[in-house]
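**Student:** Quick note on the working numbering: the sequence shown kicks off at 8 and runs consecutively. By construction, the Cβ of each residue, glycine as well, lies at the ideal position given by its N, Cα and C atoms. Below is one structure. I have some questions about it.
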Amino acid sequence: MTAHVLLLAGTAEARDIARLLSAIPALRVTASLAGVTSEPAPVTAETRCGGFGGAAGLARWLSTEHIAALVDATHPYAARMAGNAATAAAMTGTPHLRLLRPAWACEPHWQTVPDLPAAAAALPAGARVLLTTGRKGLEPFLARTDLRLSLRVIEPLADLPSHVEQIAARPPFSLDDEVSLLRGRGITHIVSKNSGGSGRAKLDAAARLGLAVLMVARPAPPTGPVATTPEEAVAWVMRTIETFG
């Protein structure tokens, strides 16, 4: 009998999990993408896009599709989705795992702040800021008209104020490219999320140039099992299927 696994995707780790799970004949894998970007990186699995309608909608989907295991491999800062996944799993009794890549170790020139509003408040007047925190939660920065913001996004946003310059680019970025970007725009501060993983070239470039880094702390993960690598997640799925199958 084929076991159906739901993978909440959108990260490089999720793509690795999808590839590994899809190679196992006893599994059917559905990868769910939020649909934020119009051209997401391909996933080696059956794919669905868009939300579920909160925790209750996800719970209905888990029940209707007879999901045997739920793997949440969304971004470490996708707190709402992670919370909905944990709640829906508890509502339906679905085994649930959160994949969280390890955070970057804090460095002496970083200032850790609890959230995006705190990061915006901590920036000094006149700062030239590279903002790499994504398209959500921009309001506190947009209100700081005394700053010059370079906002890096995968897809451009509309109707931004004049003190915001957009940089539409898709990772990965090399260290040399990041150094050139920071120098060329006269950046004095970087605001980043502690996403972990390999995409830290901007932080290495900041260290090379002696720039200040405001690092937004990670949200607390939901309670329950956590894996740190795709291989750990796949091993958990196989144990779960054997136990509950």
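Are Thr-37 and Ala-52 closer than 8 Å when you measure CB to CB?
**Tutor:** Yes, the pair counts as a contact, with Cβ atoms nearer than the cut-off.
**Student:** Would Arg-108 and Arg-192 be called neighbours here (beta carbons separated by less than 8 Å)?
**Tutor:** No.
**Student:** With a Cβ-Cβ cutoff of 8 Å, do Val-223 and Thr-140 count as a contact?
**Tutor:** Taking 8 Å as the Cβ cut-off, Val-223 and Thr-140 qualify as a contacting pair.
**Student:** Helix or strand or just coil, what does DSSP make of Ser-205?
**Tutor:** Note: Ser-205 maps to coil in three-state DSSP.
**Student:** Can you give the Cα-Cα distance for Ser-202 and Ile-74, rounded to whole angstroms?
**Tutor:** Using only the alpha carbons, I get a separation of about 28 Å.
**Student:** Please report how far the alpha carbon of Phe-180 lies from the alpha carbon of Leu-188, in whole angstroms.
**Tutor:** If you take the alpha carbons of Phe-180 and Leu-188, they lie about 10 Å apart.
**Student:** Taking the beta carbon of Ser-39 as the centre, do at least 16 other beta carbons fall within 10 Å, making it buried, or is it exposed?
**Tutor:** Per the 10 Å Cβ criterion, buried.
**Student:** Taking only runs that begin and end inside the segment 138–194, name each unbroken beta strand (DSSP E) of 3 or more residues, in chain order.
**Tutor:** 155–160 and 171–175, all fully within the segment 138–194.
**Student:** Using DSSP with H/G/I as helix, E/B as strand and the rest coil, what is Ala-92?
**Tutor:** Ala-92 falls in the helix class under three-state DSSP.
**Student:** Pop quiz: Pro-229 and Arg-105 are said to be a contact at Cβ under 8 Å. What is the actual Cβ separation, rounded to whole angstroms?
**Tutor:** That belief holds up - the Cβ atoms of Pro-229 and Arg-105 are roughly 6 Å apart, short of 8 Å.
**Student:** Kindly identify the DSSP beta-bridge partner or partners of Thr-253.
**Tutor:** Nothing in the structure corresponds to residue 253, since the chain is present only between 8 and 252.
**Student:** Is it the case that the Cβ atoms of Leu-27 and Val-12 are separated by a distance below 8 Å?
**Tutor:** No, Cβ-Cβ distance for Leu-27 and Val-12 is not below 8 Å.
**Student:** Does the separation of the CB atoms of Leu-137 and Val-171 fall below 8 Å?
**Tutor:** For Leu-137 and Val-171, no; Cβs fall outside 8 Å.
**Student:** Looking only at its own chain, which residues have a Cβ that is under 8 Å from the Cβ of Asp-23, when we skip the five neighbours before and after it?
**Tutor:** These residues qualify, in order along the chain: Pro-237.
**Student:** Under 8 Å: do the segment 55–66 and the segment 78–85 share three or more Cβ pairs, one atom per stretch?
**Tutor:** Flag = no, the segment 55–66 and the segment 78–85 do not touch.
**Student:** Do Ala-175 and Glu-185 have their beta-carbon atoms positioned less than 8 Å apart in this structure?
**Tutor:** Not closer than 8 Å, so no.
**Student:** Rounded C-beta distance between His-116 and Val-220? I'm assuming under 8 Å.
**Tutor:** Confirmed, about 6 Å.
**Student:** List the DSSP bridge partners of Ser-199.
**Tutor:** Answer is Met-222, bridged to Ser-199.
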